[in-house]
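*Asks:*
Numbering (this note's numbering), first residue to last: 766 to 1006.
1. Taking just the CA atoms, how far does residue 842 sit from residue 851?
2. Please return the same chain residues whose Cβ sits closer than 7 Å to the Cβ of residue 847, not counting the five positions on each side in sequence.
3. Taking the C-alpha atoms as reference points, what is the distance between residue 953 and residue 818?
4. Thinking just about the alpha-carbon of each residue, which of 1005, 940, 925 and 956 is nearest to the one in residue 833?
5. From which residue to which residue does the alpha helix (DSSP H) around residue 926 run?
6. Report yes if the CB atom of residue 1000 is closer than 8 Å to the CB atom of residue 896, and no otherwise.
7. In its own chain, which residues sit with a C-beta less than 7 Å from the C-beta of residue 891, not counting the 5 before and 5 after it?
8. Measure the alpha-carbon distance for residue 983 versus residue 875 and round it to whole angstroms.
9. How would you label residue 964, buried or exposed, when you count the other beta carbons within 10 angstroms and need 16 or more for buried?
10. Do you know how far the Cα of residue 978 is from the Cα of residue 1076?
11. Determine the DSSP secondary structure at residue 860, reduced to helix, strand or coil.
12. For residue 969, does the three-state DSSP call read helix, strand or coil?
13. Using only the alpha-carbon positions, how far apart do residue 947 and residue 826 sit?
14. Rounded to a whole number of angstroms, what is the C-alpha to C-alpha distance between residue 829 and residue 873?
15. Quick check: the Cα distance between residue 831 and residue 900, rounded to an integer number of angstroms?
16. What are the start and end residues of the alpha helix (DSSP H) that includes residue 990?
17. Suppose contacts are defined by Cβ-Cβ distances below 8 Å. Is residue 898 in contact with residue 867 by that definition?
18. By the 10 Å Cβ neighbour count, where 16 or more other Cβ atoms means buried, how is residue 1003 classified, buried or exposed?
19. Could you check if residue 859 is buried or exposed, using at least 16 other CB atoms within 10 Å of its CB as the buried criterion?
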């Protein structure tokens, strides 16, 4: 009986699968696409939405740290130097109320505002509102007693809630600018840059505050008016960017 050749479908299917895998592995076009995809994911510095949000984040962080440095010095300095003449206890009470309001604001109020306006509008509106509040700070020196404490506390609460709105909105923009697998690197880059700005802010604010004390009787922006004017300029720069 003549010998016959038997063809097995399973063997043919297996051979075709191996050939497909080999073709897949040696396809140069696919390798180029994969390499480009990896390179694109790694190039955070070429991601302009991310880098622009980091720049704005650094500017506002510098502003917030400088404001924090100046606030206590200004509130406790004597009124003849343009301060409020408050005690450390009064300033502590104001900051304590501010911290409590900030917790409530971030947990219950900001999420609703962000849902309606979105992070970009939240950031822009908050920065615009901060400017007139800071502009009014030097004029609080004309107040005294309970009126001063109430107005200062309200202004401090508004200022810090505005700062929280800006920073939180920028966090959202940063994370939306990159894919999920890049968020760790993007946030690390943002934190590093922010830390550098925050490191120099107290020294810069202290130098400006000390300089302002020596020009109490000048015509243009005397005393602490100059301090809050410069803080507003930094805020305006962040708003424009």
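Idealized CB from N, CA, C, for every residue including glycine.
*Replies:* With the structure as the only source:
1. Here residue 851 refers to the residue found at position 86 of the chain shown. Here residue 842 refers to the residue found at position 77 of the chain shown. Between residue 851 and residue 842, the C-alpha separation is close to 7 Å.
2. Stepping through the chain shown from its first residue, residue 847 is reached at position 82. If we look at residue 847 and ignore the five residues flanking it on each side, its Cβ neighbours are 903, 906, 981, 988 and 989.
3. Taking the first residue of the chain shown as 1, we reach residue 953 at position 188. Taking the first residue of the chain shown as 1, we reach residue 818 at position 53. Their Cα atoms are separated by approximately 14 Å.
4. Reading the chain shown from its first residue, position 68 is the one you call residue 833. The shortest Cα separation from residue 833 among 1005, 940, 925 and 956 belongs to 925.
5. To locate residue 926, count along the chain shown from 1; it is residue 161. Note, residue 926: alpha helix (DSSP H), 910-941.
6. As a first step, residue 1000 is located in the chain shown; it is residue number 235 there, counting from the start. As a first step, residue 896 is located in the chain shown; it is residue number 131 there, counting from the start. Their beta carbons are under 8 Å apart, which means residue 1000 touches residue 896 by this criterion.
7. Looking up residue 891 in the chain shown gives position 126. Excluding sequence neighbours, residue 891 sits near 927, 930 and 931.
8. Stepping through the chain shown from its first residue, residue 983 is reached at position 218. Stepping through the chain shown from its first residue, residue 875 is reached at position 110. The alpha-carbon atoms of residue 983 and residue 875 are separated by roughly 41 Å.
9. Position 199 of the chain shown, counting from 1, holds the residue named residue 964. Around the beta carbon of residue 964, fewer than 16 other beta carbons lie within 10 angstroms, which makes this residue exposed.
10. Here the chain covers residues 766 to 1006 and nothing more, so residue 1076 does not appear.
11. In the chain shown, the residue the question calls residue 860 occupies position 95. DSSP places residue 860 in helix when its eight states are reduced to three.
12. Translated into positions along the chain shown, residue 969 becomes position 204. In the structure shown, residue 969 sits in a helix (DSSP, three-state: H, G or I).
13. Taking the chain shown and counting its residues from 1, the one referred to as residue 947 is at position 182. Taking the chain shown and counting its residues from 1, the one referred to as residue 826 is at position 61. Their backbone Cα atoms lie some 23 Å apart in a straight line.
14. Taking the first residue of the chain shown as 1, we reach residue 829 at position 64. Taking the first residue of the chain shown as 1, we reach residue 873 at position 108. A direct Cα-to-Cα measurement between residue 829 and residue 873 gives close to 22 Å.
15. Residue mapping note: residue 831 aligns to position 66 of the chain shown, counting from 1. Residue mapping note: residue 900 aligns to position 135 of the chain shown, counting from 1. About 15 Å.
16. Residue numbering aside, residue 990 sits at position 225 when the chain shown is read from its first letter. Start and end: 989-1005.
17. Looking up residue 898 in the chain shown gives position 133. Looking up residue 867 in the chain shown gives position 102. No, the pair does not count as a contact, with Cβ atoms beyond the cut-off.
18. Taking the chain shown and counting its residues from 1, the one referred to as residue 1003 is at position 238. With 16 or more other Cβ atoms within 10 Å, it is buried.
19. In the chain shown, counting from the first residue as 1, residue 859 sits at position 94. Buried is the call here.
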